[in-house]
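Let me begin by presenting the structure, written as structure tokens, before commenting on it.
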Amino acid sequence: MYPGPYAAAALVDRVRQWLGQGVRPSEIAVSARFNTSLSTVHDALVAADVPAVRVRDQPGADADGCAWPPCTP
Numbered sequence: 011m012y013p014g015p016y017a018a019a020a021l022v023d024r025v026r027q028w029l030g031q032g033v034r035p036s037e038i039a040v041s042a043r044f045n046t047s048l049s050t051v052h053d054a055l056v057a058a059d060v061p062a063v064r065v066r067d068q069p070g071a072d073a074d075g076c077a078w079p080p081c082t083p
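In case it helps, the numbering used here puts the sequence shown at residues 11 to 83.
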């Protein structure tokens with residue numbers, strides 16, 4: 011199934027780079043055509059201790075996709 015483990019690992023590495031450069035987790039988004047692809051990516055991020063939240067079904071304006079304490083002002 012796509013993305014495979016190598017693609018998911020590459021995405022985790024990229025997100026870690028962005029976080030290391032000071033990009034806030036709430037400013038990073040990953041989109042996919044299918045929910046199953048997002049599940050693979052979400053699981054890889056969580057397994058790597060990278061903050062990840064799934065946002066779907068047209069969430070309200072108060073849903074910023076951030077569930078990691080450093081995201082709070």
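The beta carbon of each residue, even a glycine, is placed where N, CA and C say it ideally should be.
Nearest in C-alpha terms to residue 48, of all of 36, 64, 38, 24, is 64. The continuous alpha helix (DSSP H) containing residue 27 extends over residues 15-30. Pairing residue 40 with residue 31, the inter-Cα distance amounts to about 18 Å. Between residue 56 and residue 25, the C-beta spacing is not below 9 Å.
Secondary structure remark: continuous alpha helix (DSSP H) runs of at least 4 residues inside the region 28-68, in chain order: 45-57.
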